[in-house]
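Protein chains in written order, with the working numbering: chain A, 11 to 97; chain B, 11 to 97.
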């Protein structure tokens, strides 16, 4: 399936969240990831996130679509998609 | 159509971007909006944003789906959807 993941978490946990999400999805903007992922791997990502998240303060929102083509993407301004995902 | 809008812009323009997006969509998380919107109103939103954006530094990404049900949404942790959208 295709997902867009956005997170908003406490300063002390941001680096850990960024590192975790990078293992599963593509970073496209500050706290925003997208990509194809299986249900099992998404569950693993969320299980790992919950291990360090403060669920009373932090938030992850995931939008799931059947596949990449179910969503049209438009970028205005600077495209931040970091190339180090491809190194 | 149904959209998810995420922005990342310079500190001096964040308040203006937040105010603008709130006129058209629902705030759900830091720099993240969602909602039903017509093509015309989305164009108006982006036209207004471009009037103050620094397109060499700022970024808006819009994901468009045919309707609300084209995407499944999952929230982990604190749901930040601010109630003042409904006041």
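Think of the CB as a built atom: it goes at the ideal place given N, C-alpha and C, for glycine as much as any other residue.
Suppose the cutoff is 7 angstroms on Cβ atoms and the five residues either side in sequence are ignored; what does the same chain contact list for residue i look like?
i                     : result
residue 15 of chain B : 31, 35, 43, 70, 72
residue 51 of chain B : 34
residue 58 of chain B : 30
residue 78 of chain A : 12, 46
residue 41 of chain B : 16, 17, 18
Strictly under 7 angstroms for the Cβ-Cβ distance: is residue i near chain A by that measure?
i                     : result
residue 27 of chain B : no
residue 72 of chain B : yes
residue 79 of chain B : no
residue 75 of chain B : yes
For chain B, find out if any of its Cβ atoms is closer than 7 angstroms to the Cβ of residue i; answer yes or no.
i                     : result
residue 20 of chain A : no
residue 14 of chain A : yes
residue 87 of chain A : yes
residue 90 of chain A : yes
residue 82 of chain A : yes
residue 45 of chain A : no
With respect to the beta strand (DSSP E) encompassing residue i, which residues constitute its N-terminal and C-terminal limits?
i                     : result
residue 81 of chain B : Where residue 81 of chain B is concerned, there is no enclosing beta strand (DSSP E), given that its DSSP letter is neither H nor E.
residue 46 of chain B : 42-46
I'd like the span of the alpha helix (DSSP H) that includes residue i, first residue to last.
i                     : result
residue 30 of chain B : 21-34
residue 69 of chain A : First-last for residue 69 of chain A: 69-75, but that is the beta strand (DSSP E), not the alpha helix (DSSP H).
residue 51 of chain A : 49-62
Please return the same chain residues whose Cβ sits closer than 6 angstroms to the Cβ of residue i, not counting the five positions on each side in sequence.
i                     : result
residue 18 of chain B : 69
residue 90 of chain B : 39
residue 27 of chain B : 17, 19
Can you give the beta carbon distance from residue i to residue j, rounded, assuming they're within the 8 angstroms contact cut?
i                     : j                     : result
residue 82 of chain B : residue 74 of chain A : 4 angstroms
residue 67 of chain A : residue 88 of chain B : 6 angstroms
residue 56 of chain B : residue 85 of chain A : With 8 angstroms as the limit, residue 56 of chain B and residue 85 of chain A do not qualify as a contact, their Cβ atoms being about 11 angstroms apart.
By Cβ distance below 8 angstroms, which residues in the same chain neighbour residue i in space, the five residues on each side in sequence not counted?
i                     : result
residue 61 of chain B : none
residue 76 of chain A : 11, 12
Query raised in the report: Taking any Cβ of chain A, which residues in the region 54-70 of chain B have a Cβ under 9 angstroms from it, in chain order?
Result: 56, 59, 60, 63, 64, 65, 66, 67, 68, 69, 70
Requested in this report: For the region 29-41 of chain A, enumerate the residues whose C-beta is nearer than 9 angstroms to any C-beta of chain B, in chain order.
Outcome: 38, 39, 40, 41
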